[in-house]
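Right, one structure below, let's go through it.
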Amino acid sequence: MSIADAIPLEDLLAHVRACTACRDLPLGPRPVVQAASSATLMIIGQAPGTRVHATGIPWNDPSGDNLRSWLDVSKDVFYDPNRVAIMPMGLCYPGRGRSGDLPPRPECAARWHPRLRAALPNVALTLLVGSYAQQRYLGSHPGGVSGRVKNFAIPLEAGWFPLPHPSPRNRLWLRQRPWFFEQVVPALRRQVHALLQ
Ligand code: SF4
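Right, here's the structure in full:
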């Protein structure tokens, strides 16, 4: 498929939502993305789970509840594409492996992210939620996700805010790192509230 680099966002979103590049997805393609050209905040997560796949609504699960709680934003704000753009590393549910959902499809971000980001010129802050998003946009870090998140002020200067995945499965990770709620979440809220007012 060939798509001109600069096409209106609505046309690009139609192409994205019709993507069938990965024909071996267990539940079939159903790209989940939210965007409008005025959006100032972008959220890049991992990949939809089965509940998000079934509804087509991003972060429509306990992880989303946790993320909204960290950001301190309502569902009305979170799901307003004019303010918040949402595109995971893999836009479709990737299937299940032995220890949980499979990684996002690696071809997906390469195929769609550059064009979507180019069509969203007002994004001033991008939340990188989890290791896959951080690896793509910030590269590796000797401290992994923990090191990245604890030192969030460095990528923040360039408009990136690394976060752990808000899955309930990460409860222990959070409990062992009280600095996350003491230092990172307040800074995150300041950034996000300033953008979404
Ligand atoms: S995962 Fe991405 S590349 Fe694969 S079918 Fe879905 S939208 Fe297309």
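In my numbering, each residue carries its 1-based index in the sequence shown increased by 3.
Each residue gets a CB set at the ideal place from its N, CA and C atoms; glycine is no exception.
Taking every protein chain shown into account, the CB of Phe184 has fewer than 16 other CB atoms within 10 angstroms, so this residue is exposed.
The region 86-146 contains, as complete beta strand (DSSP E) runs of 3+ residues, the segments 87-89 and 128-132 (chain order).
If you look at Ile46, you'll find it in the beta strand (DSSP E) that goes Leu44 to Ile47. Annotation for Pro158: the continuous alpha helix (DSSP H) segment containing it runs Ala156 to Leu159. Arg192 and Asp75 do touch by the CB rule: their CB atoms are close to 5 angstroms apart, below 8 angstroms. Take the alpha-carbon of Ala24 and the one of Asp14: they are about 18 angstroms apart.
Within the DSSP bridge table, the entry for Leu166 names Val132 as partners. Using a Cβ distance threshold of 9 angstroms, Ala122 and Ala38 count as a contacting pair. In terms of Cα proximity to Asn173, the closest of Cys95, Ala197, Ser134 and Gly100 is Ser134.
Rounded to the nearest whole angstrom, the C-alpha separation of Ser149 and Ser143 is 12 angstroms. Check the Cα spacing between Gly100 and each of Gln138, Gly52, Leu119 and Lys78: the tightest is with Gly52. Within the region 26-67, the runs of alpha helix (DSSP H) at least 4 residues long that lie entirely inside it are, in chain order, 53-58. With contacts defined by Cβ atoms closer than 9 angstroms, Pro171 and Pro165 do not form a contacting pair.
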